[in-house]
Amino acid sequence: MSGARIEEKLFQNRYLVDAGRPHIKVRAHAVPSPALRALVHACPANCYSETDTGAVEVATDGCMECGTCRVLTQATGEIEWSYPRGGFGVLYKFG
Amino acid sequence: MEQERFDAIVVGAGPSGNAAAYTMAREGLNVLQLERGEYPGSKNVQGAILYADALERIIPDFRDDAPLERHVVEQRVWMMDDASHTGMHYRSDGFNEERPNRYTIIRAQFDRWFSRKVREAGATVLCETTVTELLRDGRGKVIGVLTDRHGGPLLADVVVLAEGVNGLVGQRAGLRPELRPHDVALAVKEMHFLPQEVIESRFNLAGDEGVVIEAMGTITRGMTGTAFLYTNRESISVGIGCMVGDFAERKVSPYALLDAFKSHPSIRPLLADSEVREYAAHLIPEGGYKAIPQLTGDGWLAVGDAGHFVNAVHREGSNLAMTSGRVAGETVAWLKRRREPCTAAGLAEYRRRLEASFVMKDMRKYRGIPALLHRNRHLLDLYPRLASQAAQTWLRVDGVDKRTKENQILGSLRRARGLRGLMGDAFRLARAWR
Numbered sequence: 048m049s050g051a052r053i054e055e056k057l058f059q060n061r062y063l064v065d066a067g068r069p070h071i072k073v074r075a076h077a078v079p080s081p082a083l084r085a086l087v088h089a090c091p092a093n094c095y096s097e098t099d100t101g102a103v104e105v106a107t108d109g110c111m112e113c114g115t116c117r118v119l120t121q122a123t124g125e126i127e128w129s130y131p132r133g134g135f136g137v138l139y140k141f142g
Numbered sequence: 310m311e312q313e314r315f316d317a318i319v320v321g322a323g324p325s326g327n328a329a330a331y332t333m334a335r336e337g338l339n340v341l342q343l344e345r346g347e348y349p350g351s352k353n354v355q356g357a358i359l360y361a362d363a364l365e366r367i368i369p370d371f372r373d374d375a376p377l378e379r380h381v382v383e384q385r386v387w388m389m390d391d392a393s394h395t396g397m398h399y400r401s402d403g404f405n406e407e408r409p410n411r412y413t414i415i416r417a418q419f420d421r422w423f424s425r426k427v428r429e430a431g432a433t434v435l436c437e438t439t440v441t442e443l444l445r446d447g448r449g450k451v452i453g454v455l456t457d458r459h460g461g462p463l464l465a466d467v468v469v470l471a472e473g474v475n476g477l478v479g480q481r482a483g484l485r486p487e488l489r490p491h492d493v494a495l496a497v498k499e500m501h502f503l504p505q506e507v508i509e510s511r512f513n514l515a516g517d518e519g520v521v522i523e524a525m526g527t528i529t530r531g532m533t534g535t536a537f538l539y540t541n542r543e544s545i546s547v548g549i550g551c552m553v554g555d556f557a558e559r560k561v562s563p564y565a566l567l568d569a570f571k572s573h574p575s576i577r578p579l580l581a582d583s584e585v586r587e588y589a590a591h592l593i594p595e596g597g598y599k600a601i602p603q604l605t606g607d608g609w610l611a612v613g614d615a616g617h618f619v620n621a622v623h624r625e626g627s628n629l630a631m632t633s634g635r636v637a638g639e640t641v642a643w644l645k646r647r648r649e650p651c652t653a654a655g656l657a658e659y660r661r662r663l664e665a666s667f668v669m670k671d672m673r674k675y676r677g678i679p680a681l682l683h684r685n686r687h688l689l690d691l692y693p694r695l696a697s698q699a700a701q702t703w704l705r706v707d708g709v710d711k712r713t714k715e716n717q718i719l720g721s722l723r724r725a726r727g728l729r730g731l732m733g734d735a736f737r738l739a740r741a742w743r
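Sequence order for the protein chains is B and D.
Positions 48 to 142 (our numbering) are the ones given, in order, by the first sequence.
Positions 310 to 743 (our numbering) are the ones given, in order, by the second sequence.
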């Protein structure tokens with residue numbers, strides 16, 4: 048499925064974005080581990096993408112805070128993961 | 310700032326945290342509950358089925374005002390291949406009873422209702438408050454929490470960790486190990502809205518009757534997982550989940566998997582013309598008994614998903630969550646009544662009580678299933694295809710005699726897996742099940 052379709056899905060959701068304070072950061076790296084690269088397809092919100100240089104970057108605006116990326120990269124320590132500040136982030140209407 | 314000391318702090322306002330907070334507040338304890346969402350439920354995701362028995366033991370008259378969608382009168386289990394499903398359906402008028410056994414619910418609404426009950430019982434509930442750290446005294450006993458909202462430390466005799474599967478507080482404090490990719494499933498879900506009467510005619514329902522479908526097969530593309538479709542009053546919850554480790558290895562994206570499930574010829578007509586209003590993702594702890602972490606320690610205990618209480622075989626979780634929360638609350642109240650401190654030794658009573666309940670008995674019964682499915686991922690892929698082929702051969706009338714058809718079916722089983730393979734699968738499944 049194309050990236051555009053997932054954006055349509057996420058568009059249905061409510062978020063309160065904590066501007067300028069992303070709750071997930073990818074540590075600087077030259078070559079991503081297989082686990083970090085896997086996030087490009089495994090993240091259910093398509094938050095991860097590969098740059099022209101082959102690095103992996105994250106944009107947390109559509110994040111549903113599931114923790115998949117944290118679980119997958121715990122062994123490599125390539126991302127820093129914390130919950131958004133209280134009240135911020137995804138706000139499920141139905142859940 | 311003046312420091313108030315609580316009898317108990319509950320981290321999280323999902324089913325387990327609400328059950329714990331409610332139980333303790335009803336017993337007269339001074340309870341503070343902290344929730345990071347804007348409102349209870351705003352961060353929570355479930356299919357969702359409510360198991361009445363677990364809630365009845367906490368709030369006996371919950372049916373009077375809880376936001377319930379439909380009571381379940383029919384259960385369908387579908388083994389799917391790309392074009393078909395082989396189903397087992399059970400529908401009974403016996404489920405149309407005065408106090409129905411299972412309901413579909415919408416979690417964001419249900420959790421708000423439950424939280425209102427918690428506040429009415431006397432607990433203090435603070436939302437939009439993320440717990441950042443556990444506080445300990447010099448000997449390592451947990452004595453409270455730090456949050457991102459409240460200035461100073463919040464102190465209590467016991468901290469109930471009801472922070473969910475992705476609970477960072479307990480993990481970062483070293484109270485339980487990090488989740489392993491093969492012990493946790495990622496589920497994605499959509500809410501599809503349709504007029505009430507369309508849902509009722511599509512699923513053959515009258516009034517508040519509801520249907521649930523649990524599905525497995527080639528829809529998970531060789532990964533360990535299941536899909537579901539639940540009827541709510543004016544919406545259908547549809548979702549699919551597989552082990553996180555499988556998603557990483559198989560290069561499949563969760564939303565593509567969900568879209569493929571939705572467009573399966575057996576599912577598509579059920580969702581036709583619906584309007585999608587939400588897309589959600591959540592982890593489910595599915596490592597089973599062997600993945601249950603330490604549940605109690607000096608000044609703390611873990612309940613619900615934080616305790617890994619999910620019976621993946623029966624798709625049960627919220628009932629284990631509520632029961633573990635209630636039992637935790639009862640244990641703390643029992644210690645208070647006896648004027649005993651919430652030490653590791655005292656709180657160990659929580660684990661003993663859980664062992665005596667269905668929670669640990671069921672978890673232990675299926676302790677071999679997660680490893681079996683992980684090592685035998687063909688079970689969910691091959692057998693649904695074989696079942697479909699067999700049914701197709703058997704039902705198609707084409708001039709071939711029945712004995713030849715029988716031989717074709719047996720031959721296809723043997724070719725696919727071999728006699729030893731078939732018997733081995735049956736043996737391994739029986740052993741893991743018993």
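Glycine residues also receive a C-beta, built at the ideal position from the N, C-alpha and C atoms.
This structure is a prediction, so every number in the text was calculated from the model and none was measured.
Legend entry - Among D:533, D:548, D:570, nearest to residue 557 of chain D - alpha-carbon criterion: As a position in the second sequence, residue 557 of chain D is number 248, starting the count at 1. Of the candidates D:533, D:548, D:570, the one whose C-alpha sits nearest the C-alpha of residue 557 of chain D is D:533.
Legend entry - Inter-stretch contact at 8 Å, needing at least 3 Cβ pairs: the segment 630-641 of chain D / the segment 650-664 of chain D: Verdict: yes, contact present.
Inset, instruction - Going by CA-CA distance only, name the one from D:627, D:561, D:709 that's closest to residue 355 of chain D. - result: As a working mapping, residue 355 of chain D is identified with position 46 in the second sequence. Nearest Cα to residue 355 of chain D within the set D:627, D:561, D:709: D:627.
Legend entry - the segment 519-529 of chain D contacting the segment 560-580 of chain D, beta-carbon criterion three pairs below 8 Å: Three or more Cβ pairs drawn from the segment 519-529 of chain D and the segment 560-580 of chain D lie within less than 8 Å of each other, which places the two stretches in contact.
Legend entry - Secondary structure of residue 600 of chain D, DSSP reduced to three states: What you label residue 600 of chain D is simply residue 291 of the second sequence in a count that begins at 1. Judged by DSSP in its simplified three-state form, residue 600 of chain D adopts helix.
Legend entry - Selection from D:313, D:412, D:387 that minimises the alpha carbon distance to residue 537 of chain D: In the second sequence, counting from the first residue as 1, residue 537 of chain D sits at position 228. Answer by Cα proximity: D:387.
Legend entry - Simplified DSSP assignment, three categories, for residue 380 of chain D: Counted from its first residue, the second sequence places residue 380 of chain D at position 71. In the structure shown, residue 380 of chain D falls within a strand segment according to DSSP collapsed to helix, strand and coil.
Inset, instruction - Under 6 Å Cβ to Cβ from residue 48 of chain B, same chain only, skipping five residues before and after it: list those, please. - result: Position 1 of the first sequence, counted from the first residue, corresponds to residue 48 of chain B. With a pLDDT of only 44 at residue 48 of chain B, under the threshold of 50, the placement of this residue in the model should not be trusted, and no figure is reported.
Legend entry - Closer than 7 Å to chain D by CB, residue 91 of chain B: Along the first sequence, read from residue 1 onward, the residue named residue 91 of chain B stands at position 44. Chain D contact via Cβ: present.
Inset, instruction - For the segment 405-418 of chain D, enumerate the residues whose C-beta is nearer than 9 Å to any C-beta of chain B, in chain order. - result: Here the close residues are 415, 416, 417, 418.
Inset, instruction - Taking only beta carbons into account, state which residues of the segment 561-579 of chain D come closer than 8 Å to chain B, listed in chain order. - result: Sequence-ordered contacts of the segment 561-579 of chain D with chain B read 561, 562, 563, 564, 565, 568 [C-beta pairs closer than 8 Å].
Inset, instruction - Please confirm if residue 62 of chain B has its CB atom under 7 Å from at least one CB of chain D. - result: Position 15 of the first sequence holds residue 62 of chain B. No, no contact with chain D.
Inset, instruction - Pull up the distance between the alpha-carbon of residue 718 of chain D and that of residue 683 of chain D, whole angstroms please. - result: Against the second sequence, residue 718 of chain D aligns to sequence position 409. Against the second sequence, residue 683 of chain D aligns to sequence position 374. In this structure, the CA atom of residue 718 of chain D is about 27 Å from the CA atom of residue 683 of chain D.
Legend entry - Local conformation of residue 688 of chain D per DSSP, three classes: As a position in the second sequence, residue 688 of chain D is number 379, starting the count at 1. Note: residue 688 of chain D maps to helix in three-state DSSP.
Legend entry - residue 322 of chain D beta carbon less than 7 Å from that of residue 344 of chain D: Residue 344 of chain D sits at position 35 when you count from the first residue of the second sequence. Residue 322 of chain D sits at position 13 when you count from the first residue of the second sequence. Going by beta carbons, residue 344 of chain D and residue 322 of chain D fall inside the 7 Å limit.
Legend entry - Coil, strand or helix - residue 534 of chain D by DSSP: Within the second sequence, residue 534 of chain D is the residue found at index 225, counting from 1. Here residue 534 of chain D sits in strand by DSSP.
Legend entry - For residue 524 of chain D, the first and last residue of its enclosing beta strand (DSSP E): Along the second sequence, one-based indexing puts residue 524 of chain D at 215. For residue 524 of chain D, the enclosing beta strand (DSSP E) stretches over residues 518-526.
Inset, instruction - Classify residue 695 of chain D as helix, strand or coil using the three-state DSSP reduction. - result: Here residue 695 of chain D is taken as the residue at index 386 of the second sequence, counted from 1. Of the three classes helix, strand and coil, the one that applies to residue 695 of chain D here is helix, per DSSP.
Inset, instruction - Measure from the C-beta of residue 39 of chain B to each C-beta in chain D and report whether the shortest distance is under 7 Å. - result: Any answer about residue 39 of chain B is impossible in this case: the structure gives chain B only from 48 up to 142.
Legend entry - Pick from D:315, D:331, D:316 that is closest to residue 633 of chain D, judged by C-alpha positions: In the second sequence, the residue the question calls residue 633 of chain D occupies position 324. Restricting attention to D:315, D:331, D:316, the CA atom closest to the CA of residue 633 of chain D is found in D:331.
Inset, instruction - Report yes if the C-beta distance between residue 422 of chain D and residue 376 of chain D is below 7 Å; otherwise report no. - result: As a first step, residue 422 of chain D must be located in the second sequence, where it is residue number 113. As a first step, residue 376 of chain D must be located in the second sequence, where it is residue number 67. In this structure, residue 376 of chain D lies closer than 7 Å to residue 422 of chain D by Cβ.
Inset, instruction - Step through the CB atoms of chain D and report whether any lies within less than 7 Å of the CB of residue 53 of chain B. - result: Counted from its first residue, the first sequence places residue 53 of chain B at position 6. Under the Cβ distance rule, residue 53 of chain B counts among the residues neighbouring chain D, one pair being separated by less than 7 Å.
Inset, instruction - Report the rounded CA-to-CA distance for residue 118 of chain B versus residue 357 of chain D, giving the unit in angstroms. - result: For this step, residue 118 of chain B is matched to residue 71 along the first sequence. For this step, residue 357 of chain D is matched to residue 48 along the second sequence. So the alpha carbons of these two residues sit roughly 24 Å apart.
Inset, instruction - Put residue 48 of chain B into one of helix, strand or coil per three-state DSSP. - result: Counted from its first residue, the first sequence places residue 48 of chain B at position 1. With a pLDDT of 44 at residue 48 of chain B, under the threshold of 50, the modelled position of that residue is not reliable, and no figure is offered here.
Inset, instruction - Answer yes or no: does any C-beta atom of chain B fall closer than 7 Å to that of residue 310 of chain D? - result: Mapped onto the second sequence, residue 310 of chain D falls at position 1. Residue placement at residue 310 of chain D cannot be trusted, given a pLDDT of 45 that sits under 50; what the coordinates show is reported in the next sentence. It does not: the Cβ of residue 310 of chain D has no partner Cβ on chain B nearer than 7 Å.
Inset, instruction - Use the C-beta contact count for residue 709 of chain D: other C-beta atoms within 10 angstroms, 16 or more gives buried, fewer gives exposed. - result: Taking the second sequence and counting its residues from 1, the one referred to as residue 709 of chain D is at position 400. The residue in question, residue 709 of chain D, is exposed, as its Cβ has fewer than 16 Cβ neighbours within 10 Å.
Legend entry - Coil, strand or helix - residue 351 of chain D by DSSP: Locating residue 351 of chain D in the second sequence gives position 42, where the first residue counts as 1. It is coil, neither helix nor strand.
Legend entry - the segment 600-613 of chain D / the segment 120-132 of chain B touching (three or more Cβ pairs under 8 Å): The segment 600-613 of chain D is not in contact with the segment 120-132 of chain B.
Inset, instruction - Return the bridge partner residues of residue 61 of chain B from the DSSP annotation. - result: On the first sequence, position 14 is the one that residue 61 of chain B refers to. For residue 61 of chain B, the pairing in a beta bridge is given by DSSP as B:138.
Inset, instruction - With a 10 Å radius around its C-beta and 16 neighbouring C-beta atoms as the bar for buried, classify residue 342 of chain D as buried or exposed. - result: Numbered from its first residue, the second sequence carries residue 342 of chain D at position 33. Residue 342 of chain D sits buried, since 16 or more C-beta atoms from the chains shown fall within 10 Å of its C-beta.
Legend entry - residue 601 of chain D versus residue 88 of chain B: straight-line alpha-carbon distance, rounded: For the purposes of this step, residue 601 of chain D is taken as the residue at position 292 of the second sequence. For the purposes of this step, residue 88 of chain B is taken as the residue at position 41 of the first sequence. Straight through space, the alpha carbons of residue 88 of chain B and residue 601 of chain D are spaced by roughly 29 Å.
Inset, instruction - Identify the contact partners of residue 85 of chain B in chain D, using a Cβ-Cβ distance below 9 Å as the criterion. - result: In the first sequence, the residue the question calls residue 85 of chain B occupies position 38. By Cβ distance, chain D contributes 556, 557, 558, 560.
Legend entry - the segment 395-409 of chain D contacting the segment 674-683 of chain D, beta-carbon criterion three pairs below 8 Å: Too few Cβ pairs lie closer than 8 Å, so no.
Legend entry - residue 310 of chain D burial status per 10 Å Cβ neighbour count (16 or more: buried): Counted from its first residue, the second sequence places residue 310 of chain D at position 1. Unreliable positioning characterises residue 310 of chain D in this predicted model, as indicated by a pLDDT of 45, which lies under 50. A coordinate reading is not provided.
Inset, instruction - Going by CA-CA distance only, name the one from D:668, D:565, D:586, D:644 that's closest to residue 612 of chain D. - result: Start at 1 with the first residue of the second sequence, and residue 612 of chain D comes out as number 303. Nearest option by C-alpha distance: D:668.
Legend entry - Cβ neighbours of residue 562 of chain D in the same chain (closer than 6 Å, five flanking residues each side left out): Position 253 of the second sequence, counted from the start, is the residue given in the question as residue 562 of chain D. If we look at residue 562 of chain D and ignore the five residues flanking it on each side, it has no Cβ neighbours.
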